[in-house]
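Read the structure below first, then the notes.
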Amino acid sequence: MTEAIGRALLFDIDGTLANTDPLHLKAFNQVLGPRGHVFDHARFARELQGFSNVSIGERFLAEEALERRAEILGEKEQLFRDLVAGQIAPLRGLMALLDRADTAGIPMVAVTNAPRLNAELLLDGLGITDRFRAIVIGDELPHGKPHPLPYQEGLRFVGASAAASIAFEDSRSGVQSAIAAGIPTVGIRTSLSHADLVGAGAASSAAAFDDPDLLARLATAMAW
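Each residue of the sequence shown is one higher than the one before, counting from 7 in our numbering.
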């Protein structure tokens, strides 16, 4: 197998590899609801989806000390992990796409604002941890999404060119991050509409990874 020079596939995790957003919504409401912040799907998509816990803490727990913010959001993440255990299923077409990329020698990177424990739990639960050359955690960098740095780091890990690569994202902040890094981006419609994703900068959108138009685009872009 000869590795494709300059090309890479970069994937967000939550809501992109698996549709976990409903469980995040439930966990946020259990933790932030008693503090006066209740979210429906639309508000979740606007104000929580894809954002780092640091920025969420700044916005919704401003009255708390930094250490307490981290504790409260840590409780939310533990609750999410409890909810998601045993409920992780890949988005349609994902496994076949990963197989195709491996066969073609296209390196893959996971790029997320989720805490590392969450990212590892989801990738392990899907059985795909070893498919990714790197897991880039936004909270471990000076800037998370929507800043371009997480995707820039993903490209750096595999020596890939932004223009020759493709990113997959389900949130506005994620699309904005990948686009700011210069990566053509496909929006995955687990939570947001085609109009929302394209409005954020995505070149196209798909309901899942078995979308015929998406597969045709990948075949051209990745030369497989």
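All C-beta atoms, glycine included, are put in the ideal place defined by N, C-alpha and C.
For Leu129, the enclosing alpha helix (DSSP H) starts and ends at 122-132.
With respect to the 7 Å criterion, Phe57 and Ser197 are not classified as neighbours on the basis of their beta carbons.
Contact between the stretch 66-85 and the stretch 99-113 is absent, with fewer than three C-beta pairs closer than 8 Å.
A straight line joining the alpha-carbon of Gly207 with that of Leu161 spans about 19 Å. For Gly21 and Arg13, the gap between their C-alpha atoms comes out near 23 Å. Here Ser183 is not near Pro148, since their CB atoms are 7 Å or more apart. Contact check between the stretch 169-176 and the stretch 132-143: fewer than three CB pairs, one atom from each, fall below 8 Å, which does not count as touching.
Taking all protein chains in view, the Cβ of Gln55 is crowded by 16 or more other Cβ atoms within 10 Å, so the residue is classified as buried.
In terms of Cα proximity to Ala120, the closest of Trp230, Phe17, Ala225, Gly193 is Phe17. When DSSP states are grouped into helix, strand and coil, Leu79 belongs to the helix group. About 16 Å separates the Cβ atoms of Ala212 and Ile189, ruling out a contact at the 8 Å cut-off. In this structure, Gly131 is the residue among Tyr157, Ala107, Gly131, Glu77 with its C-alpha nearest to the C-alpha of Gly92. According to the DSSP secondary-structure assignment, Asp20 is paired through a beta bridge with Ala24.
With a minimum length of 4 residues, the unbroken runs of alpha helix (DSSP H) contained wholly in the stretch 172-216 fall at 178-186, 200-206.
Counting the other Cβ atoms within 10 Å of the Cβ of Asp27 gives 16 or more, which makes it buried. Going by C-alpha positions, Asn59 is about 28 Å away from Ala166.
Val181 places its beta carbon less than 7 Å from that of Thr191. In the three-state scheme derived from DSSP, where H, G and I count as helix and E and B as strand, Ile62 is classed as helix. Distance between Leu67 and Thr109, taken at the CA atoms: about 46 Å.
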